[in-house]
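Asks:
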Amino acid sequence: MKTILISDVQEAVPYIEKSQVVAFPTETVYGLGANTYDEKAINKIFEAKGRPQDNPLIVHIADKKQVNVLAVEVNSVAKKIIKEFFPGPITIILKKNEIIPDNVTAGLDTIAIRMPASKIARDFIKACDVPIAAPSANLSGSPSPTQFTHVMQDFAGKIPCIIIGPPSQYGLESTVLDCTTEKPEILRPGIITAEDLKKAGIDVINSYSFFKDGIVKSPGQKYRHYAPKAKVKIYSGSKDIKPDSAFIGITALDKKIQEQFKKLKICKNLLEYAKNLFSFFRDCDEKGIQFIYVQKVEEKGIGMAIMNRLKKAVG
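Counting along the sequence shown from 1, when you hit position 90 you're at 92 in this note's numbering, and nothing is skipped either side.
1) Between Gly167, Phe293, Ser247, Ala43, which has its C-alpha nearest Val132's C-alpha?
2) Quick one: Cα of Phe212 to Cα of Leu72, how far?
3) Going by DSSP, what residue range makes up the beta strand (DSSP E) through Glu187?
4) Would you list, in sequence order, the uninterrupted alpha helix (DSSP H) runs of no fewer than 4 residues that lie entirely inside the region 98-147?
5) Going by the DSSP bridge assignment, what does Tyr93 pair with across the sheet?
6) With DSSP as the reference, please indicate the residues paired to Ala248 in a beta bridge.
7) Once DSSP output is grouped into helix, strand and coil, what is the label at Leu59?
8) At the level of alpha carbons, what is the spacing between Glu300 and Met306?
9) Nearest-angstrom Cα distance between Lys257 and Leu34?
10) At a cut of 8 Å, does the region 288-299 reach the region 171-180 through at least three beta carbon pairs?
11) Short of 6 Å in beta carbon distance, which residues of its chain neighbour Ile47, apart from the five on each side in sequence? Order them along the chain.
12) Please classify Asn271: is it buried, with 16 or more other beta-carbons within 10 angstroms of its beta-carbon, or exposed?
13) From this set, Glu29, Ala129, Ile127, which residue's C-alpha is nearest Pro168's C-alpha?
14) Taking just the CA atoms, how far does Ala135 sit from Tyr17?
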């Protein structure tokens with residue numbers, strides 16, 4: 003199969019209509035999308051990624067009104083999220099409409115819905131005239147793609163079409179908020195934090211976890227994710243650095259320690275750390291680096307999302 007690169011979203015529409023998958027940019031990471039209502043096309047997402055069938059997908063929309071078509075029982079919390087944070091890097095979980103195929107939701111009675119802030123993503127969804135179900139456009143378990151070249155690395159010759167866009171603005175997957183519980187629960191932390199939600203008058207519980215058993219209501223919960231081929235280690239300040247290694251963090255190290263790394267990335271702040279993390283992982287793999295040291299940050303605000311990804315990458 004030949005994989006073509008396009009910049010006009012209209013050129014992607016025939017692929018969606020023919021039950022194919024299309025990779026597309028968003029502000030979080032690149033997605034691998036198909037028609038939400040097309041079971042055959044949805045199965046192709048799982049096949050291409052090597053994704054476990056019990057890991058639900060996020061349905062992407064271009065219009066807030068589509069929430070009421072996809073879900074039932076859109077409660078007051080969900081309505082507030084939609085008003086304050088859609089479009090944006092947040093996903094809400096609601097009770098699904100029975101018209102949604104089971105393979106989209108991993109057989110659950112809930113559905114994950116997001117309206118991306120990326121204009122390219124929304125234009126693509128509008129052009130297709132259907133909601134687009136999509137996980138990240140990477141092989142299951144590997145670092146998420148933040149550039150179209152990353153998608154090419156994983157899927158060249160395996161999918162028909164990639165929509166070219168700029169590097170992802172945030173570099174981390176969306177915050178996932180379960181709105182079906184008595185008190186909303188963050189199942190996957192992201193750029194929109196518990197503090198951001200509280201400022202909007204929404205109190206939440208941080209209940210994200212890494213587990214091997216149980217019901218997976220959100221992507222990013224059950225399985226090892228975000229891992230490069232290199233061994234990821236949380237940097238503890240040790241001067242005993244393994245050879246053939248790299249470092250990424252937000253604090254400059256002692257010059258003598260820095261010189262031991264083959265590749266080094268010191269970020270200005272947490273947002274830059276988040277944006278560059280997965281791209282750094284992929285760059286290290288391309289260079290054949292064996293060990294990646296990552297700096298631990300306080301699990302607060304965006305730091306919570308960064309540490310969630312780092313812990314999953316460490317495994």
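Every residue gets a Cβ at the ideal spot worked out from N, C-alpha and C, and that includes glycine.
Replies: Once the coordinates are examined:
1) Closest by alpha carbon: Ala43.
2) Bear in mind that a pLDDT of 48 at Phe212, under 50, signals an unreliable position, so the number given afterwards is only what the model happens to contain. For Phe212 and Leu72, the distance between alpha carbons rounds to 28 Å.
3) Looking at the DSSP string, the run of the beta strand (DSSP E) that includes Glu187 is 187-190.
4) The region 98-147 contains these whole alpha helix (DSSP H) runs: 104-107, 121-130.
5) Correcting the residue type first, residue 93 is Thr in the shown sequence and not Tyr. For Thr93, the beta-bridge partners assigned by DSSP are Arg116, Val178.
6) Residue pairing of Ala248 in beta bridges, as defined by DSSP: Lys265, Ile294.
7) Coil.
8) So the alpha carbons of these two residues sit roughly 7 Å apart.
9) Spanning the two alpha carbons is a distance of roughly 41 Å.
10) Contact fails: fewer than three Cβ-Cβ distances are below 8 Å.
11) Cβ within range, chain order: Val23, Leu34, Ala36.
12) By the neighbour-count rule (16 or more Cβ atoms within 10 Å), Asn271 is not buried but exposed.
13) When each option's Cα is compared against that of Pro168, the closest is Glu29.
14) Distance between Tyr17 and Ala135, taken at the CA atoms: about 14 Å.
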